[in-house]
Each structure stands twice: as C-alpha cells, then as structure tokens.
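To start, the structure itself, in structure tokens.
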Amino acid sequence: MRKTRKKKAPELALAVQYGCADERLPDRSQVRRWVKATQETGVQATVRFVGTAESRALNRDFRGKDYATNVLSFVYESAPAVSGDLVICLPVVKREAQEQRKPLKAHLAHMVVHGMLHLQGYDHETGPRDAARMEARERAILARFRIPDPY
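In terms of our numbering, the sequence shown is numbered consecutively and its last residue is 347.
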C-alpha cells in the first residue's frame with residue numbers, strides 16, 4: 197500500500213490595511229481567502245484599501261500617471277517567495293463596479309486576484325498570449341467563489 201503525502205500549502209504572511217472607510221469593504225478573513233486562492237508560491241504581502249488621493253499620489257510617483265487607478269501592484273521580491281504590496285482604490289473600484297453593473301464585492305475580489313497574480317509574475321500587458329493566460333487564471337480563481345467571468 198502506497199502512502200500519499202499531503203502537499204504542503206505555500207506559506208502566507210498577509211497584512212490587510214484600511215486607509216479608507218466603507219462598511220462594504222471585505223474583512224481580513226475574506227481578503228485572505230481571495231489571496232490564498234491565487235497562491236502558487238510563498239507570499240508575503242500587504243493589501244491596502246485607499247481613497248483617491250493616496251492612489252493618485254502613488255500612481256503619479258511610481259508610474260508617472262497622474263490619476264487614481266483601481267489597483268497598483270508593487271513587487272519587492274519574486275523568488276524564492278513573493279513579497280509585495282497591493283493598493284486598491286475603493287472609489288475607483290466602486291465607480292467601475294457601478295458602470296459595469298457588477299456587485300462591489302465581486303469587483304473587489306477581482307482586483308485582489310488580479311493584483312496578486314501580478315505579484316506572482318503574471319502580466320497582461322506583454323502580449324495577447326500572456327493576457328489570455330492571466331485572464332483564464334483569474335476566471336478560474338473567481339469561479340471558486342461563484343463570481344462570474346469579470347470580462
């Protein structure tokens with residue numbers, strides 16, 4: 197009889213920060229579930245929810261783009277484990293959810309998943325093949341939470 201070893205889950209060190217207030221923001225345990233679903237390696241990350249001013253300042257200072265954006269990903273290390281930050285702009289995500297007629301929670305989940313995949317090396321801006329790979333991964337992860345295709 198052959199013994200099967202249970203595969204050890206990658207380690208996760210996660211901080212969730214709230215730089216803005218809204219009763220519809222996900223709690224830490226929900227953010228953790230979304231992050232864990234993306235994990236392909238060990239991860240040390242911070243997910244921070246912010247307002248427009250902080251998002252705009254970070255986007256301007258680090259990307260040279262003077263506007264608030266939905267999610268920013270900052271990678272500090274990529275091997276052997278991932279270390280980085282995600283900054284999610286709540287007002288932008290709320291506006292997008294309304295424009296796209298999506299539940300806010302579903303769009304927030306998508307932004308967390310999308311950002312976490314960026315931290316782990318996925319990139320939709322390097323070409324159509326990479327974009328298709330990343331979007332397929334996003335769809336599969338979100339489906340686990342019964343969140344419909346975000347595209």
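The beta-carbon is built from N, C-alpha and C at its ideal position, and this holds for glycine as well. Just so it is clear, the structure is predicted and the values come from calculations on it, not from any experiment.
The beta-bridge partner set that DSSP reports for Leu-208 consists of Val-239. For Ile-284, the secondary structure class from DSSP, reduced to helix, strand or coil, is strand. For Arg-244, the pairing in a beta bridge is given by DSSP as Gln-213 and Val-283. From the listed residues Ala-327, Ser-251, His-303 and Leu-304, the smallest Cα separation to His-314 is found for Ala-327.
Going by beta carbons, Gln-235 and Ser-279 fall outside the 9 angstroms limit. Assignment of Phe-341 by DSSP, reduced to helix, strand and coil, places it in the coil class. Taking a cut-off of 8 angstroms on C-beta distances, the segment 257-275 does not touch the segment 217-231, as fewer than three cross pairs fall below it. Residue environment for Ser-274: exposed (fewer than 16 other C-beta atoms within 10 angstroms of its C-beta). In this structure, Leu-338 sits near Ala-302, with a CB-CB distance shorter than 9 angstroms.
Leu-268: member of the beta strand (DSSP E) spanning 267-273, first to last residue.
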